[in-house]
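Using the numbering used here, you'd call the opening residue of the sequence shown number 43 and step up by one each time.
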Amino acid sequence: MGQHDTCVREVQRLLHAKGAVIGVDGDFGPQTLRRVTAFQVIAGIEPPNGVVGDTTKQALYESGARMDTWSQDEVRRRIREVFTEAPDRAVAIADCQSLLDPLHILPNTNGTRNWGLFQISDSRLTELGGTPRKALDPEWNIRAAKRLWSQDRDFSDWPHCDRAFSPSPSPSP
43 MGQHDTCVRE
53 VQRLLHAKGA
63 VIGVDGDFGP
73 QTLRRVTAFQ
83 VIAGIEPPNG
93 VVGDTTKQAL
103 YESGARMDTW
113 SQDEVRRRIR
123 EVFTEAPDRA
133 VAIADCQSLL
143 DPLHILPNTN
153 GTRNWGLFQI
163 SDSRLTELGG
173 TPRKALDPEW
183 NIRAAKRLWS
193 QDRDFSDWPH
203 CDRAFSPSPS
213 PSP
């Protein structure tokens with residue numbers, strides 16, 4: 043990360059040509075890292091580490107892998123259809139977690155990652171029978187999040203975003 047040059051610009055251009063929503067500015071920052079990692083998952087490149095090595099470079103030029111995904115409006119609509127009991131809250135949770143970006147990937151300091159719209163962790167993915175590839179599919183991610191919600195009929199898997207959605211009591215004067 044932190045690299046800035048024409049090679050980064052070319053990677054960004056290739057990702058954009060594959061359907062990724064990404065700025066082409068030549069800066070290898072967090073968004074480029076997320077998009078490279080998502081491309082690696084979609085293209086089946088192991089391990090998906092965000093590094094543009096020979097295999098990733100070749101796939102960017104030659105593979106048919108596509109990064110087209112749902113728009114924010116499509117995401118909002120589908121979340122509301124699936125989370126009929128709490129549609130606005132579910133949309134707010136996903137917006138807080140991923141900015142409604144189905145390909146959002148967040149690395150954690152311990153080497154694990156959170157995946158997709160609802161930022162489902164590696165450990166939860168395993169419990170749900172998922173994979174990183176499945177987690178980047180918005181339909182799968184939304185349905186998996188609904189399964190998590192259904193366990194206790196709450197958003198306890200997303201405590202920070204749920205707290206941000208819930209109005210806090212005003213301090214007493």
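We put the beta carbon where it would ideally sit given N, CA and C, even for glycine.
Could you spell out where the beta strand (DSSP E) holding residue i opens and where it closes?
i: LEU148; result: 147 to 149
In this structure, how does DSSP classify residue i when only helix, strand and coil are distinguished?
i: ASP137; result: helix
i: ILE64; result: coil
i: GLU127; result: coil
i: ASP199; result: coil
i: ASP204; result: helix
i: VAL94; result: coil
i: PRO174; result: helix
i: LEU57; result: helix
i: ILE121; result: helix
i: LEU142; result: coil
i: GLU116; result: helix
Span of the alpha helix (DSSP H) holding residue i?
i: TRP182; result: 180 to 194
i: ASP110; result: Run containing ASP110: none; DSSP gives neither H nor E here.
Which one or two residues does DSSP pair with residue i in a beta bridge?
i: TRP157; result: ILE147, ILE162
i: HIS46; result: ASP69
Using a Cβ-Cβ cut-off of 8 Å (strictly less than) and excluding sequence neighbours within five positions of residue i, which residues of its own chain qualify?
i: GLN161; result: GLN139, SER140, HIS146, LEU148, TRP200
i: VAL50; result: GLY68, ASP69, PHE70, THR74
i: GLU116; result: PRO180
i: SER105; result: ALA85
Got a sec? Which residues, its chain only, sit under 7 Å from residue i by beta carbon, not counting five neighbours each side?
i: ASP110; result: GLY61
i: ALA132; result: ILE121, PHE125
Give every residue of the same chain whose Cβ lies closer than 6 Å to the Cβ of residue i, excluding the five residues on either side of it in the sequence, and list them in chain order.
i: ALA134; result: PHE207
i: LYS176; result: TRP182
i: GLN114; result: LEU142
Could you confirm whether any beta carbon from chain B is found closer than 9 Å to the beta carbon of residue i?
i: CYS138; result: This model lacks chain B altogether, as it is built from one protein chain only.
Take the Cβ of residue i as the centre, count every other Cβ of all protein chains shown within 10 Å, and call the residue buried at 16 or more, exposed below.
i: ASP96; result: exposed
i: ALA59; result: exposed
i: GLY171; result: exposed
i: PRO144; result: buried
i: THR79; result: buried
i: GLN54; result: buried
i: THR3; result: Only positions 43 to 215 of the chain appear in the structure, and residue 3 is not among them; the question remains open.
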